[in-house]
Ligand code: NAD
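Numbering (my numbering), first residue to last: 6 to 273.
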């Protein structure tokens with residue numbers, strides 16, 4: 006049984022994660038952490054998630070549950086996640102990170118922990134999205150240098166704070182890497198005013214923020230005469246949460262290293 010603690014347990018993903026751990030027969034709910042000073046500290050995390058009392062109360066410091074868990078699941082914010090990464094490395098814990106929106110410096114700091122603990126870090130934990138990444142690799146290799154324009158379009162709910170989504174960037178990176186391009190050189194993240202025609206090798210990104218959209222991503226390969234679109238639509242956060250719990254069980258037995266969902270699902 007993998008003992009799992011959840012940071013940001015009162016958040017959208019946190020509450021969904023409580024549900025996902027509850028449904029998993031090989032993982033158990035060992036703790037939940039809310040923001041320091043939160044009035045939700047002391048609340049039963051099952052009640053917070055709407056699954057009824059579970060006898061595990063939310064705390065506002067990871068320190069106070071350090072002996073209770075094996076793997077931490079963190080879907081919060083970049084600065085919070087980096088603090089928790091340091092905590093887990095110091096205390097011999099493993100961590101699953103779903104937080105998105107990290108800057109290059111924050112990503113470099115995250116990467117510096119790859120030898121200090123076992124972590125799974127993925128901007129999208131859904132099995133379907135990770136399979137989609139494989140399909141994109143195949144499509145990009147077949148089409149990308151044959152006159153097909155590549156565009157990534159993503160839609161999310163109105164509360165999302167980072168753009169484009171971590172998943173859209175990951176999709177762009179997979180496509181770019183398959184074609185010996187980089188997003189630094191070929192990514193186009195804004196088109197406004199007289200921006201001129203697109204260049205052949207650019208990879209464009211477009212973002213929609215509206216209502217309660219859980220997460221939709223399309224990568225378009227368009228040329229004269231045809232267009233191929235590879236689309237993934239998430240209809241419930243449960244898909245990310247189930248993937249994260251699967252990652253937690255998987256990483257519990259792993260050596261130090263930085264892994265992603267492709268490793269967890271055996272797609273590499
Ligand atoms: P949210 O705002 O609903 O939840 C974040 C929670 O973190 C909040 O409850 C907040 O109180 C809590 N928090 C902030 N600081 C904290 C601290 N110091 N200690 C403990 N808790 C703290 O956001 P969300 O929609 O749940 O998304 C969270 C993150 O997960 C975002 O970066 C989002 O993009 C990402 N996400 C990733 C995936 C994936 O599959 N990888 C899927 C969905 C969302």
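For each residue, glycine too, the CB sits at the ideal point set by N, CA and C.
The C-alpha of residue 21 is placed about 13 Å away from the C-alpha of residue 34.
For residue 249, the Cβ falls inside the 8 Å cut-off from some heavy atom of the ligand NAD. Residue 196 sits exposed, since fewer than 16 C-beta atoms from the chains shown fall within 10 Å of its C-beta. When the Cα atoms are used, residue 88 and residue 254 turn out to be separated by approximately 22 Å. Counting the other CB atoms within 10 Å of its CB gives residue 6 a total below 16, which places it among the exposed residues.
Per the C-alpha coordinates, the member of 149, 150 and 170 positioned closest to residue 158 is 170.
Per DSSP, reduced to three states, the secondary structure at residue 30 is coil, with no helix or strand assignment.
If you draw a straight line from the Cα of residue 188 to the Cα of residue 132, it comes to about 24 Å. Distance from the CA of residue 47 to the CA of residue 247, rounded to the nearest whole angstrom, comes to 26 Å. Shown here, residue 82 sits in coil according to DSSP, grouped into three states, outside any helix or strand. Nearest neighbour of residue 212 by Cα position, chosen from 241, 250 and 166, turns out to be 166.
Around the beta carbon of residue 86, a 10 Å sphere encloses 16 or more other beta carbons of the protein chains shown; the residue is thus reported as buried. The C-alpha of residue 178 lies about 41 Å from the C-alpha of residue 57.
The DSSP-derived three-state label of residue 74 is coil.
In the structure shown, residue 111 falls within a helical segment according to DSSP collapsed to helix, strand and coil.
The nearest non-hydrogen atom of the ligand NAD is 8 Å or more from the C-beta of residue 169.
When the Cα atoms are used, residue 272 and residue 74 turn out to be separated by approximately 28 Å.
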